[in-house]
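What follows is a single structure, written as structure tokens, with notes after it.
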Amino acid sequence: MPNMQKEKTKMPEQEPKVRARNFEEVAQGYTEEMAITEANRCLQCKHQPCVKGCPVMVQIPDFISLIAQGKHIEAYEKIRETNGLPAICGRVCPQEEQCEKLCVRGIKDEPVAIGRLERYCADYAIAAGVEPITCKCTLGKKAAIIGSGPAGLTCATDLAKEGVDVTIFEAFHTPGGVLKYGIPEFRLPKSLVQKEIDSLVEMGVKIETNMVMGKILDINDLKEMGFETIFIGTGAGLPSFMNIPGENLNGVYSSNEYLTRINLMKGYKYPEFDTPVIRHKTVAVVGGGNVAMDAARCAMRLGAEKVYIIYRRSEAEMPARNEEIEHAKEEGIEFNLLMNPVEILGSEEGGVTGIRVIRMELGEPDASGRCRPVPVEGSEFDIDVDAVVVAIGQSPNPLMREATPDLKTQSWGGIIVDEETGATSIEGVYAGGDSVSGAATVILAMGAGKTAAKAMLEYMTQK
Amino acid sequence: MYKILRKKTLSEQVKLMEIEAPLIAKKAKAGQFIILRIHENGERIPLTISDYDAEKGTITIIFQEVGKTTMHLGTLEEGDSLQDFVGPLGKASYFPEGIKKAAIIGGGLGTAIAYPQAKELHRLGVEVTSIAGFRNKDLILLEKELHEVSDKVIITTDDGSNGNKGFVTDALKNEIESGEKFDLVIAIGPLIMMKFVSQLTKQYGIKTIVSMNSIMIDGTGMCGGCRVTVAGETKFACVDGPDFDGHEVDFDQAMRRQSMYKVQEGEACNLFKGVE
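So the sequences go chain by chain: F and L.
Following the working numbering, the numbering of the first sequence begins with 1 at its first residue and continues without gaps.
Following the working numbering, the numbering of the second sequence begins with 1001 at its first residue and continues without gaps.
In structure tokens form, the structure reads like this:
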């Protein structure tokens, strides 16, 4: 008999007041008992709607059933059949939009906590030191992956499993992409990301860091080096600015710069780590996505007295996950909704002293179906802040396409691919993730990496 | 890891290192830069590629000890290795067609960065006047090398200790006023020096290229920490530059942005001196 408790089994979390001042993980994960209790809420539906909501088709009822039986390692292996990064997905996927959205239990009550259970299995297996999948490059085929974010890592895993000799080229000094530089430690511990990557290396995947592709090597070089097929997973790392006066004042950051200093360079541990981060007193973060929430929560953890989210629509339209919005509010972040910055104000020395915003009201829905925000004439007012973080989105980095003129791209920079296969305009070259779609989610990038891996394998074996 | 093959002290605080980096050496061009990180807890700092040898597979950098990371770098010896070495980054220098006569202006350490430009123009058959300025005669760099690639070399010192007192702008103005017709001026050095050179050449309508030395983190265009205003537009020095038209750069803003971490830079420097 399944557990018919209406709500998800609660997951222990650090107290908001405590966690708002440290970088340790907020959500602390299920105990074995909690995991089994939650696993028993799953009805084991025959038609498995949840699986259809997962971009990498994790066999959800199967792994949950294994947890219920106490077979946690087996449950982990079941997930890993289709998903190479379960400890990460269990933490950062927007499950409410994917697997959990389609859960039958969610029609009347709360859906089964699929993400929390996935995370539980992965953490359990990593702590137990589970054996990596070993692959020995038996196929005699070489593939190159450009970029080591979620898309590249997934594509590499799937190819390595089939015996392909895979090399990943990464521009930064450490692999992981947004998992390392973007998503903060308190949502996704970096040691854990590294463990998932280490297990890939143990599978036989080679990772070359400090390789800015398009500068040090290009597609032709890779082909000459014997890579028969190439996957481009370079993400959407080019920050957008608002183009308003004052944007180049000291104390105005792109979210990418702010988060890279803090997460990748560990600026929050300065001076133990050399990269400095200024601990601002009052910070405005412009934007309403997960990146904005991450930046705001980092600013709070660096000791800010006041942190504001400034967003031009209302809370209902915010693209951030509900859980992240809730966490941010609990930690004392103030939401200034229906407001848009018009100018950043500065002192004579060039520092930020405030941000001038205009009130907005929601008008008619636009092409995306969201109500278009319209400025209210004459409603400008100033908010005192000493730093502004701009988190209004990113587009694909131009380095790769500048070096590869025959790679067809959209006017906004996204690489044009065949949706079924991820094939680009160049034979043997595939692409996926944010470099194709623009900034989206970790799991969608993983799905794209999987799709491309399948097509790349076919291309290599049929050639 | 990237091995230090050769180290040479050029003046009290200025050192040259030849680093083993074959792939970068194959692609490097004059005007580009690298980013390095000494160790796991280190920061990423940009340094101009001052020379490259594709056959030997090496990149030469010249740096001045101005803070924690460069001081630490200065303590490393031949045979030691750097954790990370990334490049070649930025756009290669682009020289407009039809240049017959050029003045290359180097200020302090900027001379080491200007040198490969002088070398390249000389190779292209351009008549090169090199003007290099230093605080005093003990800090003079690359004098012999500059003579090898220039038709004329003028070395100035702020205190006159080499017998030629004055700033590079004074020397440049002298040359122009005495009838030298430059088609191009390249100025590389501290922002304040590049600003004054650009102001001077603007009066004479001489095309001027400067090399911006913004604060950088990734050096690949993903953060915008290095942004500068050029002709009223925001540009990223790491991917759109580092070379820009000196008459279009907002130098005052660039100088303010460069001083953003002054307090932290001082602290880190003191900590380093304390433990060493």
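Think of the CB as a built atom: it goes at the ideal place given N, C-alpha and C, for glycine as much as any other residue.
- Taking C-beta atoms under 8 Å as the contact rule, K408(F) and T421(F) fail to qualify, at a distance of about 15 Å.
- For V1210(L), the secondary structure class from DSSP, reduced to helix, strand or coil, is strand.
- Taking 9 Å as the cut-off between beta carbons, the residues of the segment 1217–1231 of chain L near chain F are I1217, D1218, G1219, T1220, G1221, M1222, C1223, G1224, G1225, R1227, V1228 and T1229, in sequence order.
- Counting only Cβ-Cβ distances below 7 Å, D1243(L) has no contacts in chain F at all, with the closest Cβ about 16 Å away.
- In the DSSP assignment, R356(F) forms a beta bridge with E343(F) and D382(F).
- Across the segment 1013–1043 of chain L, CB contacts with chain F closer than 7 Å involve L1023, I1024, K1027, R1037, N1041, G1042 and E1043, in sequence order along the chain.
- In the pairwise beta carbon analysis, the segment 22–35 of chain F is classified as touching the segment 178–192 of chain F: at least three pairs are separated by under 8 Å.
- Using a Cβ distance threshold of 8 Å, P1116(L) and D1183(L) do not count as a contacting pair.
- Per DSSP, the continuous beta strand (DSSP E) segment holding C371(F) begins and ends at C371 to P375.
- Listed in chain order, the non-local C-beta contacts of I1215(L) below 8 Å within the same chain comprise G1225, C1226, R1257, Q1258, M1260 and Y1261, local neighbours out to five positions each way being set aside.
- The Cβ-Cβ distance between G1090(L) and Q1013(L) does not fall below 8 Å.
- Taken through DSSP and simplified to helix, strand or coil, D1080(L) comes out as coil.
- Taking CB atoms only, F1085(L) has a neighbour in chain F less than 8 Å away.
- Within its own chain, the residues whose Cβ lies closer than 6 Å to the Cβ of L1016(L), once the five positions on either side in sequence are excluded, are K1008, L1010 and I1062, listed in chain order.
- Rounded to the nearest whole angstrom, the CA to CA distance from G115(F) to E7(F) is 15 Å.
- Within chain L, L1023, I1024, K1026, K1027, V1086, G1087 and P1088 have C-beta atoms less than 9 Å from the C-beta of I216(F), given in sequence order.
- For the pair V1149(L) and K1101(L), the CB atoms are not nearer than the 8 Å cut-off.
- Pairing N248(F) with P341(F), the inter-Cα distance amounts to about 14 Å.
- Proximity to K269(F) across G237(F), G288(F), D294(F) and G303(F) peaks at G303(F), based on C-alpha coordinates.
- Counting other Cβ atoms within 10 Å of its Cβ, N243(F) stays below 16 and is therefore classed as exposed.
- In this structure, I232(F) and V429(F) form a Cβ contact; the two beta carbons are roughly 7 Å apart against a cut-off of 8 Å.
- Annotation for I1099(L): V1126, D1183 and L1184 place their beta carbon closer than 6 Å to its own, counting only its chain and skipping 5 residues before and after.
- Annotated three-state conformation of M460(F) is helix, per DSSP.
- Those residues of the segment 1250–1274 of chain L placed with their C-beta closer than 7 Å to a C-beta in chain F are Q1253, R1256, R1257, M1260, Y1261, Q1264, E1267, A1268 and L1271, ordered along the chain.
- The Cβ-Cβ distance between G289(F) and P319(F) falls below 8 Å.
- C-alpha of T275(F) to C-alpha of I1024(L): approximately 25 Å in a straight line.
- Within the model, the alpha-carbon separation for I107(F) versus I1217(L) is close to 48 Å.
- The beta carbon of L179(F) does not come within 8 Å of any beta carbon belonging to chain L, so the residue lies off that interface.
- In this structure, A391(F) is the residue among I36(F), A391(F), V130(F) and M4(F) with its C-alpha nearest to the C-alpha of S240(F).
- Not flagged as an interface residue toward chain L: M203(F), since no C-beta distance is shorter than 8 Å.
- Nearest CB-CB separation between P239(F) and chain L: below the 8 Å threshold.
- Interface with chain L (8 Å Cβ-Cβ cutoff): D274(F) is included.
- Taking a Cβ-Cβ cut-off of 7 Å, T1075(L) has no neighbours in chain F, whose nearest Cβ is about 15 Å from it.
- Under the three-pair Cβ rule at 8 Å, the segment 1075–1088 of chain L does not count as touching the segment 1154–1168 of chain L.
- Restricting attention to E81(F), I126(F), L338(F) and I88(F), the CA atom closest to the CA of P373(F) is found in L338(F).
- Bridge partners of G1107(L) according to DSSP: G1133(L).
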